[in-house]
Amino acid sequence: MSSLLLAVFFGVTLLLFLILWLRWPAFISLLVASIAVGLIAGLSGAEVIDTVKNGMGSTLGFVATVVGLGAMFGGILELSGGAKSIAHHLLKAFGEKRSGMSLGLTGFLVAIPVFFDVAFIILIPVIYALQRSTGRSLLHFAIPLLSGLAVTHSFIPPTPGPIAVAEILGANLGWVMLAGIIAGVPTMLLSGVVFGKFIGNKIHLVAPESDGAEIEDLKTVLPSFYKILLIIALPIFLIVLNTLTSSGFLPISSEKIKDIISLIGHPFVALIIANIIAWYALGKDGGYTTDQLLDVSSKSLKPAGIIILLTGAGGVFKQVLVDTNAGRMMAESLADIGMPVIIFAFLAAAMVRVIQGSATVAMITAAGLVYPFINGQGYSGMEMAAIVIAIASGASIFSHVNDSGFWLVKEYLGMTEKQTFRSWTVMTGILAFTGFAISSIIFAFS
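Under the numbering used here, the first residue of the sequence shown carries the number 2, and numbering increases by one thereafter.
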């Protein structure tokens, strides 16, 4: 093994040591590991600093804007009760017998603008109320919701994970959205609806004692479901429209129209439009004051800031692999043994996820490792999107005790560790393998 490959191996090992053993923040750990790889691979101190600046700057120019706008959009949706509006409408439309499907779709839609843990906490009273009214296991309702939330959180922009991976790899966000939806819906159905029904019959859980707040919560006046749906769908539609137009799938001869679509369909402008509409249609029309809206917008940026910095550090790691040529050598070595890029993408993310727990860190680290594999290879937009989904699938696999999501689900559903492994952990495994299988099919036929 060459010194460059040894440098990469040492860097990944050091990253995991700093996060797991010394308990350093992932942001600092990624930067330290990147600097170590650069120095071991032969870069001078000045070259390493330049690499850090270039990697951080080139990544954050896009990611910081999109993640920030997406977080503010989600904050207004959360404040207005939009998440609960979606849940209540779909439950009414599908009926009690198909509640698993309705909750899976609820999670799928809500997690587009709202962070996973926030969305789960917002909707848990709905799950409690359904369990009490039906007598079924809490898992019958919770697993489909959790699956929908987890799938969208990992697969579909403008959630931070796929945005970060797409930017590091240079994948088009519109294609990633399309691939995420194509892979995400069947993945949610299998890991959420089908498995939720199965495990709900195996483990009977009841909702905690109620003071009546959850039942009353179901009767609260909420914003229109169709208004919420249109606002969420608008930026996705604009971004995908721009992708289809620029790639020639939609033949538009007018250069003026194409220029307008390229402007409003850029993620920056699409999310700005969505935020402005949400500010008035959900905020002002919902009776909220300007001060309340400013407050929720500011608070929503706090978790976004952590993700933005992590993504920038991931960009530094990628840039080190590029500037030292270590990534190119690693890619050539893997190509020599015949490992397809789609498999490497999945395995790299899965390895980091299982070892250190954080899906975000796993996605960002894997993206840095995969980039040299795909750089300059001429993959199509959909092939690149499939690689993003493969990384997202691997980063979702087998959530266990080193993942904060494991404990969040355990505590809110009142489960033992063993029950959480049998339900939540198995669900994330089904989600990961299903998403990977579909992304592989997309890659093969693109």
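All C-beta atoms in this analysis are idealised placements derived from N, C-alpha and C, irrespective of residue type, glycine included.
Fair warning: this is a prediction, and the values are worked out from it, not measured in the lab.
Per the coordinates, the alpha-carbon of residue 281 lies some 10 Å from the alpha-carbon of residue 288. In the three-state reduction of the DSSP assignment, residue 281 falls in the helix class, which pools H, G and I. Take the alpha-carbon of residue 266 and the one of residue 210: they are about 48 Å apart.
Pairing residue 77 with residue 279 gives a Cβ-Cβ distance under 7 Å. Close CB contacts of residue 228 within its chain, under the 8 Å cut and outside five residues either way in sequence, are with 282 and 283 (chain order). If you ignore the 5 residues before and after residue 127, its C-beta comes within less than 6 Å of the C-beta of 88, all in its own chain and listed in chain order. Between the segment 166 to 183 and the segment 380 to 397, the count of C-beta pairs closer than 8 Å reaches three or more; the two stretches touch. When secondary structure is reduced to three states using DSSP, residue 379 falls in the coil class, being assigned neither helix nor strand. By the Cβ test, the segment 307 to 325 is not in contact with the segment 118 to 138, since fewer than three Cβ pairs between them sit closer than 8 Å. Of all C-beta pairs linking the segment 421 to 430 to the segment 188 to 202, three or more are shorter than 8 Å, placing the two stretches in contact.
Around the C-beta of residue 119, 16 or more other C-beta atoms lie within 10 Å, and the residue is accordingly described as buried. Residue 70 and residue 337 have their C-alpha atoms spaced approximately 42 Å apart.
Counting the other Cβ atoms within 10 Å of the Cβ of residue 319 gives 16 or more, which makes it buried. Bounds of the alpha helix (DSSP H) holding residue 10 are 4 to 21. Excluding five sequence positions before and after residue 133, the CB atoms of its chain that fall closer than 6 Å to its own CB belong to 208, given in chain order. By the Cβ neighbour-count rule, residue 410 is buried, with 16 or more other Cβ atoms within 10 Å of its own. Taking each of 433, 224 and 403 in turn and checking the Cα distance to residue 395, the smallest one comes out for 433. If only complete runs of 4 or more residues are kept, the segment 146 to 208 shows the alpha helix (DSSP H) at 161 to 170, 174 to 189 and 196 to 203, in order along the chain.
Annotated three-state conformation of residue 253 is coil, per DSSP.
Runs of alpha helix (DSSP H) with 4 or more residues, each lying fully within the segment 224 to 271, are found at 226 to 247 and 256 to 265, listed in chain order.
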